[in-house]
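The sequence shown begins at 211 in this note's numbering and counts up by one.
Glycine included, every Cβ here is placed at the ideal spot set by N, Cα and C.
First comes the structure, then the notes that go with it.
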Amino acid sequence: MNNRAPAQQSLATAQPANLRKLRVRPWTEKPRQLMTAAIPFTRAQGVSRGITRRALDDERKYKQLGYGVWIETDPSTRVVAPTWADAEWIDERVKLTGLVCIDTGVVACGVTAAKLYGLPVPSNADTRVHVAREDKGPTKRRTNVVFHRYEWLRSENYFGLTLISAAQLFIELARVLTVEQLVVLGDAAVGRWHGGPLTAIDEIRAEIASRRRVRGRLTVERALGLVRDDVDSPPETKLRLRLIDAGLPEPVVHPAVMCSLIGALLHPDMGYPSIRLAIEYEGDHHRSSPTQFAEDNRRISALQAEGWTVIRVSKDSDMAEICGLIAHHLRAGGLI
211 MNNRAPAQQS LATAQPANLR KLRVRPWTEK PRQLMTAAIP FTRAQGVSRG ITRRALDDER
271 KYKQLGYGVW IETDPSTRVV APTWADAEWI DERVKLTGLV CIDTGVVACG VTAAKLYGLP
331 VPSNADTRVH VAREDKGPTK RRTNVVFHRY EWLRSENYFG LTLISAAQLF IELARVLTVE
391 QLVVLGDAAV GRWHGGPLTA IDEIRAEIAS RRRVRGRLTV ERALGLVRDD VDSPPETKLR
451 LRLIDAGLPE PVVHPAVMCS LIGALLHPDM GYPSIRLAIE YEGDHHRSSP TQFAEDNRRI
511 SALQAEGWTV IRVSKDSDMA EICGLIAHHL RAGGLI
């Protein structure tokens with residue numbers, strides 16, 4: 211990730227944008243589901259609900275989170291959650307709302323906010339709860355909690371949770387992520403991953419410009435220069451970066467191809483429009499779902515009918531071989 215030549219990076223931006231229209235929507239307009247989640251409460255709140263101090267000691271019914279807050283061991287409350295949310299998301303939600311019980315001024319930030327937004331973070335990311343506040347009042351040290359101070363803090367309501375803005379989060383995570391990891395997160399934040407976008411490249415630029423000092427500025431600027439709108443998934447981002455690392459020109463994200471065979475405008479994952487070369491990343495569902503498999507074949511046939519060559523890539527592909535194959539087509543087309 212250290213030697214990306216500017217000339218290679220500019221190829222994609224030199225092509226027509228061809229981007230499908232994206233709009234940052236409030237969470238209330240996003241797909242949602244109801245999930246069962248524990249609702250944290252303090253001892254005083256429990257007493258007001260008729261839960262005695264003795265009852266709180268019954269580990270069969272209640273569990274203490276560790277900072278004067280309890281939850282039911284067998285909750286029945288239903289909460290609104292994103293459609294992609296899972297048990298890990300619920301766990302992060304419980305930990306954050308537990309802190310909010312005793313400190314209403316905190317905002318989720320760092321890896322905690324990234325997980326709650328559904329943004330991709332490394333598997334070895336910090337598991338502590340990261341929260342921020344803007345004021346300079348005292349904070350009590352708590353186990354597995356990291357407090358951050360901000361001169362100014364921009365927050366958003368996301369499915370009822372107060373999180374740091376996605377633009378501010380991108381800049382903050384430059385302190386702990388590599389350039390590649392930050393590009394993957396950035397593509398997800400401004401693209402279609404998990405019902406996105408959450409923000410836009412221009413919003414991140416404006417956030418940077420508004421600051422007198424940016425920690426990790428070099429990482430932020432290098433990563434933002436590689437973030438692209440309209441990417442569908444983290445594997446597609448990693449594939450694009452792998453091609454650039456191999457010394458190949460950067461492919462265009464979702465080039466538009468009018469396919470007369472099916473009377474539709476198709477957008478392969480990435481490609482080189484000038485030589486009609488498309489690259490499609492196919493996750494496991496492309497093979498496990500008969501419906502998806504049939505649709506993929508329909509799309510590929512339509513692209514081929516327009517004279518496009520389609521290279522299909524999966525997580526098990528030999529990337530050295532894939533890069534060599536793409537390089538072969540680029541040389542034949544005079545692009546390298």
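Item, Value
"Of the listed residues Ala-295, Ala-248 and Glu-282, nearest to Arg-288 (C-alpha basis)", "Ala-248"
"C-beta atoms of Leu-387 and Leu-395 nearer than 8 Å", "yes"
"Beta-bridge pairing of Cys-469 - partner residues as DSSP gives them", "Ala-474"
"Separation of Val-430 from Ala-227, as counted between CA atoms", "Model confidence at Ala-227 stands at a pLDDT of 45, short of 50, so the residue's coordinates are unreliable; what they give is reported in the following sentence. The straight-line gap from Cα to Cα measures roughly 23 Å."
"Through-space distance from Ala-323 to Leu-379, alpha-carbon basis", "8 Å"
"Per DSSP, cross-strand counterpart(s) of Ala-488", "Gly-481 and Val-520"
"Three or more C-beta pairs below 8 Å linking the segment 238-247 and the segment 290-303", "yes"
"Rounded distance between the beta-carbons of Leu-373 and Pro-459, thought under 8 Å", "37 Å between Cβ atoms; not a contact."
"Helix, strand or coil at His-464 [DSSP, three-state]", "coil"
"Between the CA atoms of Trp-518 and Cys-469 - distance to the nearest angstrom", "10 Å"
"Residues that DSSP places opposite Lys-273 in a beta bridge", "Ile-281"
"Per-residue DSSP class, three states only, for Asn-334", "coil"
"Three-state secondary structure (DSSP) of Ala-291", "strand"
"Pick from Arg-415, Lys-231 and Ser-484 that is closest to Ala-542, judged by C-alpha positions", "Ser-484"
"Cβ distance (whole Å) where Thr-283 is taken to contact Arg-270 below 8 Å", "7 Å"
"Rounded separation between His-404 and Gln-274 - CA only", "32 Å"
"Contacting residues, own chain, Cβ-Cβ under 6 Å from Cys-311 (five flanking each side not counted)", "Pro-250, Thr-252 and Val-279"
"Straight-line Cα distance separating Leu-309 from Arg-427", "31 Å"
"Glu-446 - containing alpha helix (DSSP H), residue span", "444-455"
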